[in-house]
Structures are given as C-alpha cells and as structure tokens.
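Since the structure comes first, as structure tokens, the remarks are kept for the end.
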Ligand SMILES: Cc1cc2nc3c(=O)[nH]c(=O)nc-3n(C[C@H](O)[C@H](O)[C@H](O)COP(=O)(O)O)c2cc1C
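If you want it as structure tokens, here you go:
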C-alpha cells in the first residue's frame, strides 16, 4: 500500500495548520494510503551537530527518534510538510527535525544521492499576518530544500495567510486549491 508521511510542525495541535492538513488528507482520501503523522512538538529529537559522519556512511551518529523517521522517509511515497510560518521560517521543533535530514543531503559527498525523484512532496504553510510579499518565502525555501534532499518531486506548496483572523475551513478558495492539488494524484500512482 502507498505510504504518506506527514511532518507536522504546529505548536497548536488543532490550529489552522491542522485544519489545512485535514482538508488535504480528506481530499486525497484512499490515495493517501497508509498515513503516518510525526508531530514535531511531540518529539525530543536532538539537533544536528554537523559531525559529518553521514558524509562517510548513510546514517546518523545520533541515536534517537530520528532513526525511526529515517525508515519512514525511506518507505514514503509522499511526504507532506505542514507548518505555520514563525519568523519567516518553520517553527524550531520542526527545523530541528529537518536539520537531521542532512543524512539525505550528504548523499552528495558520499556519492550515492539518487539522481531521480523517488517520491512526492507537498507543503502546507499558514501565516497569521495579512498577505504581504515574501511572507512565505523563507519557509518555502526550507521546504524546497527538504524535498530536494529526500528526492521528492515538489508537487506544490499551498499557503494560507491571515490565520489571526481567518479560518481555513471557511475559505472556499483554499478548499479549491487543495482539491486541485489532490486531483493531481491519479489513483494508480499513489
Ligand atoms: C513565534 C511566532 C512567529 C510568527 N511569525 C510569523 C511570521 O513571520 N509571519 C506570519 O505571517 N505569521 C507569523 N506568526 C503567526 C503564525 O504563522 C500563525 O499564528 C499560524 O498560522 C498559526 O498556525 P496554527 O493555527 O496551526 O497554530 C508567528 C507566530 C508565532 C507564534
């Protein structure tokens, strides 16, 4: 069965980011297959220490929850990253997890980085402020960097502004954008 891994980065368990994720998962329905959600705020992942062990062998010297997450990423057909924007980036707890994905980037110095994309990546970002230029620019770059590292084709990053005053579930425009993205996943490919 197809596998979807969600890296969830909101401090609020049932905030607007979760509402956006729920909308996407509902839209994907059976196409999402077996869905696992990693809530970064429920983890005690240690930060990357740039020891560069992963430059030599495909693994991480830190033995913690990431070991299980690496296995999930390796098996995932789709990776969804859902996060609010905190100071133009993703929240710290999620960033700590993301930095530990250095083991995938290090396929370059190791010489075993896959040339082809082996999975899909989807990003969902919320921001509290009214829309303004570059509101999501920093966070989008972070997500694109992750997708490139884990060999995921970037299928789309959907953003939603003004969560301070607007709710995801009341936006027909957002619902449409998410339906369209989910439609891109033909049944037989996911
Ligand atoms: C520490 C912190 C930093 C934030 N920085 C930004 C920001 O740079 N731009 C923005 O639009 N909203 C910012 N916000 C607002 C959050 O993006 C907004 O509250 C978020 O969409 C809420 O998601 P949630 O409902 O899942 O918690 C920030 C919020 C916090 C707590």
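In the working numbering, the protein residues as written are 8 to 197.
Note that CB positions come from ideal geometry on N, CA and C, so glycine has one too.
Paired residues, beta bridge with residue 91 - DSSP: By 1-based counting over the chain shown, the position of residue 91 is 84. Answer by DSSP bridge pairing, in chain order: 133.
Three-state class that DSSP yields for residue 86 in the structure shown: Your numbering for residue 86 matches position 79 in the chain shown. Correct three-state label for residue 86: strand.
Chain-order list of residues whose beta-carbon lies under 6 Å from that of residue 154 (same chain, five-residue window excluded): Reading the chain shown from its first residue, position 147 is the one you call residue 154. The answer, listed in chain order, is 128, 161.
DSSP beta-bridge partners of residue 41: Within the chain shown, numbered from 1, the residue matching residue 41 stands at position 34. Note: residue 41 sits in a beta bridge opposite 10.
Own chain, CB closer than 6 Å to residue 26, minus 5 neighbours either side, in chain order: Residue numbering aside, residue 26 sits at position 19 when the chain shown is read from its first letter. So the qualifying residues of the chain are 175, 176.
Cβ-Cβ distance between residue 42 and residue 108 below 8 Å: Mapped onto the chain shown, residue 42 falls at position 35. Mapped onto the chain shown, residue 108 falls at position 101. Cβ atoms of residue 42 and residue 108: not closer than 8 Å.
The alpha helix (DSSP H) enclosing residue 152, as first and last residue numbers: Taking the first residue of the chain shown as position 1, residue 152 is located at position 145. Per DSSP, the unbroken alpha helix (DSSP H) holding residue 152 starts and ends at 144-156.
Contact between the stretch 61-73 and the stretch 85-101 (3+ Cβ pairs under 8 Å): Flag = no, the stretch 61-73 and the stretch 85-101 do not touch.
Residue 55 versus residue 165 - alpha carbon distance: In the chain shown, residue 55 corresponds to position 48, counting from 1. In the chain shown, residue 165 corresponds to position 158, counting from 1. So the two alpha carbons sit approximately 28 Å from each other.
Any 3 or more C-beta pairs closer than 8 Å across the stretch 62-77 and the stretch 99-114: Yes: at least three Cβ pairs fall under 8 Å.
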